[in-house]
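Just so you know, the protein sequences line up as chains D and L, in that order.
Okay, so the first sequence: first residue is 1 according to this note's numbering, each after it adds one.
Okay, so the second sequence: first residue is 1001 according to this note's numbering, each after it adds one.
Worksheet: one structure, shown below.
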Amino acid sequence: MLSELLQGIETGGLLIIQDSCSYSGRDLLRSFIAAALNREEEVHVLCFDVSEDELTDGLKPPYTQRLHVHNAYPDPLGWTDHPAFAVQQFRVEDLTDLVKQASQPKPATLVIDSLSWVLRHAAPPAVCRTLQQLRKGGAVRAVVALLHADMHQRGTVGSVCHLASSLIAVAPGPKGNEAVAKITKRSKSGKVAQDEETFCITEDLTVAVLSRLPEARPNGSEEEQADPTANLTFNLRLSESELEAKQKLTLPFVFSKEKKTALLHPGPGSGRILYEPDANDDYDQEDPDDDLDV
Amino acid sequence: MAAPVSGMGEAPAERLPVNSTSFQKKTRSKLVSIPGTRPSVQNGQLLVSTGVTSLDYLLGGGLAVGTVLLIEEDRYDSYSRMILKYFLAEGVVCRHELFVATAQDNPDDILQELPAPILDDVAVPKAVEQPRLTGEPQDSLDAMKIAWRYQHLPKVQSALASSSRFGHYYDVSKTMEAEIRQAAKCHRFCLPDHVTPSSTAHRLESYSALLESLQEVIHREGFDLAAPMSKSRNILRVGLHSLGSALWGDDLCCHDKPRHRHALTTFLYGLRALLRSSLSVAVVTLPSHLIQDRALMGSITRLCDNAIALESFKGSERETNPLYKDYHGLLYVRQVPHLNCLASQLPDHKDLAFKLKRKQFSIERLHLPPDLSETVSRVSRGELASACGPSASGTKNLDF
């Protein structure tokens, strides 16, 4: 499922890569950027966590025309007079203007590195609202964001991931450079698909999916059926001739097939009460003694 | 005593269908009967169907008019959304009016996904064993030889159903046709249209805007109980999707100690007061798995009349448990209201599981099959000997 997501996120989708300090999801984020550039899409990147050089390291030069990096790393909070991009600008109107003025009419993919930075300096409900409006609006085709799950409270992480249409939670894998990804994908019809894969990222930012983790469910061993006729002091088993005799025995109250089905499926008109009211039967429910001639 | 007939010798007002009896209860009440409602057999309250017949049974026959049903959402909001759609679809079929409110999505998204009603025939839940065909051999293992009269009864009485039919069945694989849907009047509330968000507001405005809009609709369309009774009355079904989530501007789900702690509880208090004084019924869904403060969750539950919680197996470790393989999730009934009475009718089975089938959302009792394995009820002989006798040898048989 990871390769399907790399091939394209549906329009209006929000993909969140959730990582922790034990394994950084930034390489996976960069491979998403590389895959989007390979597909000839316009990509806008908001850089908060690391510098622009570090983020674009490894992305091939011919593609960088379609890549617009808004570098908020030097001055994210707008302390100088002319910040390239500041956290206060993380609003629907500003982001839409930013995306529209740079690129062609084709809607762009917005990559946020990382959403944790924005959540530290803006209220989570406002961030959620911005993300939801960005998805629904036309300027941005899809949003990919990196979220450091151990930096926020559980409720915040839960609220943001609740909005996501796809969620990839990465964790360190069994061997050195491998990682395990737990992928959850919600479709518009409400269906949820989940998967767990091991992957590693190569030098040129392609993701090699190594193996699907096998369904690690311990198969319950077949319990031996208890044989109640064993180990008894009397004989409960039947020999062949005894079995035949048993089959031939006619039981009392055994009806033929037709009578059985007739009794099991009562036809219409059996067991109903048809009542035609009589003139003498009209009386007021409130006064039960109304028909007494006293 | 014979049952009375309405009117002395007059023909009854409606022609009864052919296959029912001609008994008719003489009603003297002056209440105008509203389509799609019926009085409760327990306390006389006016009930509407939630759209899911098993849920009606759990709530004591239906949802009482003037109450709120709180649905605690499952993790991916699939089944709670389904129940909300059933509720709204039932409103369309019974010709009630609808009021749908969402935070950021368009309410029309929910309205376009309503399931199609099965109008011609009621889908009767089939018994577990199918009736036998006449050509089958007599001594097949499934046919019962001696107890053949019980052949059609299900092995375990697990489906919850009441005897009389109230509420409709829906086919989930099809959406409701546009003509049926547009015949019903629907009021929409989408938060961005009503409130311009400003981050400096210290009071949450989204819930008060919603309450004002609802009050305005109730007053304008005449659902107030204070309005004159002469014209025909109808019920307003209110569906509030994902209240309390971050999209409403509330940080209840985001922070452990939310800043607007009492915004949602104040809203629910006002909502219940509004509903009690009007002919409306509300279903509210809430992402309770995101709320970290359990005391607040408890007070939210207390403020709503009926409360159920859904837990779906998707993505949890219960998915592989063989006990749960037939079901899609568990359902907990958190609260059932006492309306004009001292005690409420709690369902007597607490372990409930639900399953979304194509034509029915069924809620069943979770029952454990009898465990016939050897290890369960047999005490090994060694243990018995060492428990009773003074000797420590474990393998001796007890000899009497």
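By construction, the Cβ of each residue, glycine as well, lies at the ideal position given by its N, Cα and C atoms.
Cβ of Glu222 (chain D) within 8 Å of any chain L Cβ: To locate residue 222 (chain D), count along the first sequence from 1; it is residue 222. Confidence is the limiting factor: at Glu222 (chain D) the pLDDT is only 47, short of 50, which leaves the residue's position unreliable and the question unanswerable from this model.
Between Phe1189 (chain L) and Leu1204 (chain L), which are expected to be in contact by the criterion C-beta below 8 Å, what is the C-beta distance as a whole number of angstroms? Position 189 of the second sequence, counting from 1, holds the residue named residue 1189 (chain L). Position 204 of the second sequence, counting from 1, holds the residue named residue 1204 (chain L). Their Cβ separation, rounded to whole angstroms, is 16 Å, which puts Phe1189 (chain L) and Leu1204 (chain L) out of contact at 8 Å.
Residues in the region 133-150 of chain D having any Cβ partner in chain L nearer than 8 Å: Gln133, Lys136
Pick out whichever of L:Pro1107, L:Phe1354, L:Asp1105, L:Ile1146 has its Cα sitting closest to the Cα of Ala1309 (chain L). Here residue 1309 (chain L) corresponds to residue number 309 of the second sequence, with the count starting at 1. Of L:Pro1107, L:Phe1354, L:Asp1105, L:Ile1146, the residue nearest in Cα terms is L:Phe1354.
Are the region 1244-1256 of chain L and the region 1039-1049 of chain L touching, with three or more C-beta to C-beta distances below 8 Å? no
Quick one: list the residues of chain D neighbouring Arg1081 (chain L), beta-carbon separation under 9 Å, in chain order. Reading the second sequence from its first residue, position 81 is the one you call residue 1081 (chain L). Result: Gly190.
Proximity winner among L:Leu1088, L:Asp1193, L:Gly1167, L:Val1217, relative to Met1176 (chain L) (alpha-carbon distances): Indexing the second sequence from 1 puts residue 1176 (chain L) at position 176. Looking at L:Leu1088, L:Asp1193, L:Gly1167, L:Val1217, the one whose alpha-carbon comes closest to that of Met1176 (chain L) is L:Leu1088.
Nearest-angstrom Cα separation, counted from Tyr1169 (chain L) out to Leu5 (chain D): Reading the first sequence from its first residue, position 5 is the one you call residue 5 (chain D). Reading the second sequence from its first residue, position 169 is the one you call residue 1169 (chain L). Taking the straight line from one Cα to the other gives about 37 Å.
Can you determine whether any heavy atom of the ligand FAD sits closer than 7 Å to the C-beta of Glu203 (chain D), and answer yes or no? This structure simply doesn't include the ligand FAD, nor any ligand for that matter.
9 Å Cβ cut-off: residues of chain L touching Gly176 (chain D): Counting from one through the first sequence, the residue named residue 176 (chain D) turns up at place 176. Chain L residues near Gly176 (chain D): none, gap ~28 Å exceeds 9 Å.
In its own chain, which residues sit with a C-beta less than 7 Å from the C-beta of Arg91 (chain D), not counting the 5 before and 5 after it? Taking the first sequence and counting its residues from 1, one reaches residue 91 (chain D) at position 91. Only Thr130 meet the Cβ criterion.
The alpha helix (DSSP H) enclosing Gln1215 (chain L), as first and last residue numbers: For the purposes of this step, residue 1215 (chain L) is identified with residue 215 of the second sequence, where counting begins at 1. Looking at the DSSP string, the run of the alpha helix (DSSP H) that includes Gln1215 (chain L) is 1206-1221.
Short Cβ contact (8 Å threshold) for Pro356 (chain D) with Arg141 (chain D): With chain D covering 1 to 294 only, the question about residue 356 (chain D) has no answer from this structure.
Taking the C-alpha atoms as reference points, what is the distance between Ala181 (chain D) and Cys161 (chain D)? If you number the first sequence from 1, residue 181 (chain D) lands on position 181. If you number the first sequence from 1, residue 161 (chain D) lands on position 161. Straight-line Cα distance between these residues: approximately 15 Å.
Taking the alpha carbon of Arg1358 (chain L) as the point to measure from, which residue in L:Asp1348, L:Asp1171, L:His1289, L:Pro1035 has its own alpha carbon closest? Residue mapping note: residue 1358 (chain L) aligns to position 358 of the second sequence, counting from 1. Arg1358 (chain L) has its Cα closest to that of L:Asp1171, out of L:Asp1348, L:Asp1171, L:His1289, L:Pro1035.
Residue from D:Ile183, D:Pro74, D:Glu203, D:Asp113 with nearest C-alpha to Ser166 (chain D): Sequence index remark: in the first sequence, residue 166 (chain D) carries index 166 (1-based). That would be D:Ile183, whose Cα lies nearest to the Cα of Ser166 (chain D).
Step through the CB atoms of chain L and report whether any lies within less than 8 Å of the CB of Lys259 (chain D). Sequence index remark: in the first sequence, residue 259 (chain D) carries index 259 (1-based). Cβ-Cβ to chain L under 8 Å: no for Lys259 (chain D).
Look up Cys47 (chain D) in the DSSP assignment and say whether it is helix, strand or coil. Translated into positions along the first sequence, residue 47 (chain D) becomes position 47. Looking at Cys47 (chain D) - three-state DSSP - the assignment turns out to be strand.
Determine whether the beta carbon atoms of Pro1107 (chain L) and Ala1101 (chain L) lie at a separation below 8 Å. In the second sequence, counting from the first residue as 1, residue 1107 (chain L) sits at position 107. In the second sequence, counting from the first residue as 1, residue 1101 (chain L) sits at position 101. At the C-beta level, Pro1107 (chain L) and Ala1101 (chain L) come within 8 Å of one another.
List, in chain order, every chain C residue whose beta-carbon is nearer than 7 Å to that of Pro1287 (chain L). In the structure shown, chain C does not exist; the protein chains are D and L.
Taking a Cβ distance cut-off of 8 Å, strictly less, list which residues of the region 1067-1098 of chain L are near chain D, in chain order. Tyr1076, Asp1077, Ser1078, Arg1081, Met1082
So, does the CB of Ile1110 (chain L) fall closer than 8 Å to a CB anywhere in chain D? Numbered from 1 along the second sequence, position 110 holds the residue referred to as residue 1110 (chain L). Not an interface residue.
For His1255 (chain L), return the contacting residues in chain D, with the cut-off set at a CB-CB distance below 9 Å. On the second sequence, position 255 is the one that residue 1255 (chain L) refers to. Chain D residues near His1255 (chain L): Pro124, Gln153, Gly155, Thr156.
How about Ile1146 (chain L): is its C-beta nearer than 8 Å to some C-beta of chain D? Looking up residue 1146 (chain L) in the second sequence gives position 146. The Cβ of Ile1146 (chain L) sits closer than 8 Å to at least one Cβ of chain D.
Under three-state DSSP, which class holds Val1100 (chain L)? Within the second sequence, numbered from 1, the residue matching residue 1100 (chain L) stands at position 100. Of the three classes helix, strand and coil, the one that applies to Val1100 (chain L) here is strand, per DSSP.
Buried or exposed: which applies to His1241 (chain L), given that a residue is buried once 16 or more other Cβ atoms fall within 10 Å of its Cβ? Within the second sequence, numbered from 1, the residue matching residue 1241 (chain L) stands at position 241. By the 10 Å Cβ count, His1241 (chain L) comes out buried.
Could you spell out where the beta strand (DSSP E) holding Gln1335 (chain L) opens and where it closes? As a first step, residue 1335 (chain L) is located in the second sequence; it is residue number 335 there, counting from the start. That run of the beta strand (DSSP E) goes 1329-1335.
Beta carbon of Gly1315 (chain L) nearer than 8 Å to that of Gln194 (chain D): The residue labelled residue 1315 (chain L) in the question sits at position 315 within the second sequence. The residue labelled residue 194 (chain D) in the question sits at position 194 within the first sequence. In this structure, Gly1315 (chain L) places its C-beta atom within 8 Å of the C-beta atom of Gln194 (chain D).
For Cys200 (chain D) and chain L, any beta-carbon pair shorter than 8 Å? Reading the first sequence from its first residue, position 200 is the one you call residue 200 (chain D). No, no contact with chain L.
Contacts around Ile1218 (chain L), its chain only, beta-carbon distance under 8 Å, and the 5 residues preceding and following it disregarded: Within the second sequence, the letter at position 218 stands for residue 1218 (chain L). So the list reads Asp1224, Leu1236, Leu1274, Ser1278, Ser1280, once near-sequence residues are dropped.
DSSP on Ala164 (chain D), reduced to helix/strand/coil? The count along the first sequence starts at 1 and reaches residue 164 (chain D) at position 164. DSSP places Ala164 (chain D) in coil when its eight states are reduced to three.
Does Ala1246 (chain L) have its Cβ less than 8 Å from a Cβ in chain D? Numbered from 1 along the second sequence, position 246 holds the residue referred to as residue 1246 (chain L). Put simply, the CB of Ala1246 (chain L) is near chain D, with a gap under 8 Å to one of its CB atoms.
Determine the direct distance from the alpha carbon of Lys260 (chain D) to that of Arg1149 (chain L), and round the result to whole angstroms. Here residue 1149 (chain L) refers to the residue found at position 149 of the second sequence. Here residue 260 (chain D) refers to the residue found at position 260 of the first sequence. Looking at the two C-alpha atoms, the distance is approximately 8 Å.
Enumerate in chain order the residues of its own chain whose CB-to-CB distance from Met1 (chain D) is below 8 Å, with the five nearest sequence positions on each side excluded. One-based indexing of the first sequence puts residue 1 (chain D) at position 1. Excluding positions up to five away in sequence, the list reads Ile183, Lys185, Ala193, Asp195, Glu197.
Enumerated in chain order, which unbroken segments of the alpha helix (DSSP H) with a length of 4 residues or greater are wholly contained in the region 1051-1097 of chain L? Given a length threshold of 4 residues, each whole run of the alpha helix (DSSP H) inside the region 1051-1097 of chain L is given here in chain order: 1053-1058, 1079-1093.
Chain D contacts made by the region 1264-1297 of chain L, where a contact means CB separation under 8 Å: Taking 8 Å as the Cβ-Cβ cut-off, the region 1264-1297 of chain L approaches chain D at Pro1287, His1289, Leu1290, Ile1291, Gln1292, given in chain order.
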